[in-house]
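This report concerns only the one structure given below.
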Amino acid sequence: MNGGAPSVTRRLRQRLHRLISRLAERVAPPKRPSAGSRDADLVRTQYRESERQFRALLESLPMVAIQGYDRDWRVIYWNDASTRLYGYTPEEAHGRPLQDLIIPPEMREWTDEAHRAWLEHDRGIPSGELELRHRNGDPVAVYSHHVMLNEHTDDPVMFCVDVDLSEQKRAYRQLDFATRFDRLTHLLNRHGFEEDLDGALAECRRQGTSLVLVYLDIDHFSEVNEALGYNQGDRLLVELAHRLSSNRRAGDLLARISSDEFVMAFPGIRDRDSIQRLVQKVEEAMRAPFPLGGRSMRLTACLGVATFPDNGETGRELIRNADLAKGRAKLDEEARVVYFSQQLHDEMIHRHRLMDRLERGLEEGEFVLYYQPQVSASTGRIPNLEALLRWIPADGSSMSPSEFIPLAERSDLIHRIGDWVIEEACRQRAAWRDAGLGLQRIDINFSGRQMRKADLLPRFRASVERHGLNPEDIGIELTENVLIDSDEETLAALRDLRHRGFHIGIDDFGTGYSSLSYLKHFPVTSLKIDQSFVSDAPRWPEDRAIMEAAVFIGHRLGLEVVAEGVETREHLDLVREMQIDLVQGFHFFRPMPAAEVESLLTATGRRIGGLSS
Ligand code: C2E
Ligand code: MG
Ligand code: MG
């Protein structure tokens with residue numbers, strides 16, 4: 087019964103104490119005026135006045151219910167607040183025993199005992215929180231203080247001073263709800279889940295059973311929110327909560343622990359097969375389409391699974407490991423469910439450290455742009471440069487962008503890196519323009535994840551303008567898969583760029599979807615044939631045939647054709663034979679720092695040997 091917030095009870099107790107001491111002074115048997123006293127009348131008048139004041143005091147306490155009882159615990163006093171609290175009028179209450187009025191059946195024995203102890207041993211009833219009973223049968227939570235008077239006489243009385251605790255109880259229940267439950271779905275929240283999970287684990291330990299913890303993360307939930315509004319996002323979460331809670335066994339736990347993440351714990355598992363069955367049951371909840379914004383939408387989720395005792399001893403450890411496994415599932419395009427393992431743990435820790443170092447590297451200026459010249463196959467001049475990112479960590483060996491870009495793509499870091507690249511390339515292009523360096527364009531690379539951010543292209547354009555550059559000064563490169571995966575909005579933004587005179591190239595052409603027919607749908611200005619074709623074409627007629635076809639169609643569509651990975655004289659002869667426009671590769675230049683580009687381009691009238699026609 088002592089579940090209330092302790093500080094509330096303590097304050098109440100102090101206030102009641104003050105009240106009771108005043109009450110006791112008033113109720114204590116008055117000194118009867120002695121007969122024959124000269125001032126008897128005066129004393130009697132004072133006594134009556136005192137009595138009247140006391141009654142007025144009792145009546146005027148609207149929140150404090152006071153009842154008086156005689157030696158048989160029959161009501162002798164009942165104030166208005168008691169009527170409000172317990173439902174009986176003073177007339178109804180008078181003369182009736184306490185036990186018949188407000189004592190619930192389960193407290194009878196206790197009160198009888200207390201009554202006996204009072205009468206026979208002068209033992210008072212301790213104060214405390216009680217749950218008494220209203221006339222209509224409802225429970226009434228009170229803090230009850232008992233004052234015993236005239237103990238050593240034949241006429242003992244007891245006064246109960248009860249303070250209604252229902253408000254506090256309600257507030258406490260609300261507080262408890264807010265700290266343990268999720269307001270939207272009414273499922274447990276992380277805190278409540280952790281508390282209950284520890285209890286479930288203790289039970290599993292006692293019974294020698296296992297527990298399976300499944301972590302579920304909805305894919306692209308933020309996109310649902312952005313596209314359909316938060317109301318629809320909320321509806322989706324409530325619907326999923328509903329699906330996950332249906333046909334749950336008693337003892338299974340379910341919680342929403344962050345915006346689009348749910349966890350479930352299934353205790354009492356005795357065999358391995360049930361683990362898989364339970365995971366399938368969770369997957370099942372995502373299968374049916376969700377009714378959203380007037381239509382039905384299919385959604386997917388990633389699941390991470392950890393089991394007790396194999397993957398963790400405590401609730402926190404299990405949640406963390408299932409979360410880690412879920413994170414692995416997110417990274418993998420294929421896997422929808424990942425089971426935690428130690429190897430996975432080590433791999434993720436390594437990845438995590440690397441991400442931290444990458445992030446620090448960006449903040450501490452460890453990134454630089456290198457530039458690789460593109461040489462005109464006909465004139466031998468260098469019209470363009472491709473900007474290629476380099477990370478040169480102060481504390482160790484550098485890492486290739488083909489390793490760290492995919493890593494950065496798994497978080498928002500890619501956007502910060504992308505912003506840095508745009509800014510740095512624009513700054514450098516403007517500086518070279520101001521220095522009068524003969525150069526047409528710097529091309530920068532955009533990855534798939536970067537392109538999925540709606541404001542990338544507008545921000546890119548704004549950056550170009552801010553540096554006072556023209557659209558012809560900075561181009562972009564995208565792989566064919568990125569183009570194919572683009573939604574209508576992105577394609578429209580690309581068309582807009584193209585219209586304004588920006589150069590858009592298809593990178594690594596031939597390695598992706600590779601259908602020539604789609605070329606006409608995309609607003610591109612050039613295609614860059616992947617280096618694997620260049621290296622294989624001298625030996626493999628099929629590669630050569632594909633390359634020739636690509637060059638032919640590219641030219642027919644009015645596109646500029648570039649060959650990358652030209653490493654040898656043999657490659658060069660081949661690409662010249664095919665009438666490729668621009669040549670990029672180690673045969674001429676490796677990617678180089680800006681200073682080297684400057685000396686290269688300031689060598690006046692520089693033409694690359696063997697290419698001038
Ligand atoms: P990519 O855009 O296809 O870049 C061409 C890659 O081929 C570069 O590797 C370049 O150094 C390399 N390369 C150039 N000529 C030759 C050659 O003759 N032989 C060989 N074997 N390789 C040659 P790098 O610089 O390591 O970049 C790898 C990839 O990383 C790039 O492929 C691009 O997809 C990505 N990347 C580089 N910088 C950025 C960037 O700033 N942003 C984004 N999103 N991705 C970038
Ligand atoms: Mg490129
Ligand atoms: Mg490439």
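Using the working numbering, read the sequence shown as starting at 87 and increasing by one per residue. Heads up, the beta-carbon is just placed ideally off N, CA and C, and yes, glycines get one too. Please read all numbers here as calculations on a predicted model, not as lab measurements.
For residue i: DSSP bridge partner residues
i: F267; result: L274
i: W204; result: DSSP lists no partner for W204.
i: N470; result: Q460, R527
i: E347; result: D303, S344
i: C246; result: Q153, H232
i: E646; result: S612
i: L564; result: I592
i: A392; result: L299
i: E215; result: Y229
i: P377; result: S382
i: W477; result: F453, M485
i: L668; result: S462, V648
i: V423; result: L389
Whole-Å CB distance - residue i paired with residue j, under 8 Å assumed
i: L543; j: L580; result: 7 Å
i: H180; j: W196; result: With a Cβ gap of about 24 Å, H180 and W196 do not count as contacting.
i: G285; j: R221; result: Rounded, the Cβ-Cβ distance is 38 Å, inconsistent with contact.
i: T386; j: D305; result: 5 Å
i: Y301; j: V349; result: 5 Å
i: Y155; j: V243; result: 7 Å
i: E650; j: D616; result: 7 Å
i: I152; j: F245; result: 6 Å
i: A341; j: L274; result: 4 Å
i: P190; j: R219; result: 4 Å
i: L410; j: M441; result: About 14 Å; that fails the 8 Å criterion.
Buried versus exposed call for residue i [16 or more other C-beta atoms within 10 Å across all chains shown]
i: N397; result: buried
i: E472; result: buried
i: K412; result: buried
i: S685; result: exposed
i: I478; result: exposed
i: R194; result: exposed
i: D659; result: exposed
i: P627; result: exposed
i: G319; result: buried
i: P377; result: exposed
i: A126; result: exposed
i: L679; result: One point to set straight first is that residue 679 is Pro, not Leu, in the sequence displayed. Burial call: exposed.
i: T271; result: buried
i: D198; result: exposed
i: G596; result: buried
Alpha-carbon spacing of residue i relative to residue j, whole angstroms
i: A635; j: R584; result: 25 Å
i: G598; j: T565; result: 8 Å
i: R356; j: T295; result: 6 Å
i: D559; j: P459; result: 15 Å
i: E646; j: F426; result: 49 Å
i: F675; j: I528; result: 15 Å
i: A264; j: D418; result: 36 Å
i: L322; j: T393; result: 28 Å
i: V610; j: I590; result: 5 Å
i: R141; j: R130; result: 17 Å
i: T654; j: M664; result: 16 Å
i: I211; j: L187; result: 18 Å
i: D541; j: E575; result: 11 Å
i: P119; j: Q139; result: With a pLDDT of only 47 at P119, under 50, the local geometry of the prediction cannot be trusted, and no value is derived from it.
i: R422; j: D594; result: 29 Å
i: I666; j: S486; result: 28 Å
i: A517; j: E682; result: 15 Å
From the options, residue whose alpha carbon lies closest to that of residue i
i: V424; options: R446, E369, E403; result: E369
i: R437; options: G181, L493, L448; result: L493
i: R586; options: G561, D593, N567, I530; result: G561
i: V507; options: E563, I162, A126, E280; result: E563
i: A167; options: L143, P190, A415, L184; result: L143
i: D329; options: F352, R363, A288, P375; result: It is Arg, not Asp, that sits at residue 329 in the sequence shown. If we check each option's Cα against that of R329, P375 comes out closest.
i: R384; options: L340, K367, R363, E325; result: E325
i: S464; options: V661, V249, Y604; result: V661
i: E232; options: V150, D262, D248; result: According to the sequence as given, residue 232 is His; it is not Glu. Among V150, D262, D248, the Cα nearest to that of H232 is on D248.
i: A689; options: L525, V226, R406; result: L525
i: R335; options: S308, V391, K367; result: K367
i: G214; options: R363, S230, D571; result: S230
i: A371; options: H501, C388, A415; result: C388
i: R547; options: D582, G534, G522, D573; result: D582
Short CB-CB distance (under 9 Å) between residue i and chain C
i: N556; result: Looking for chain C here will not work: only one protein chain is present.
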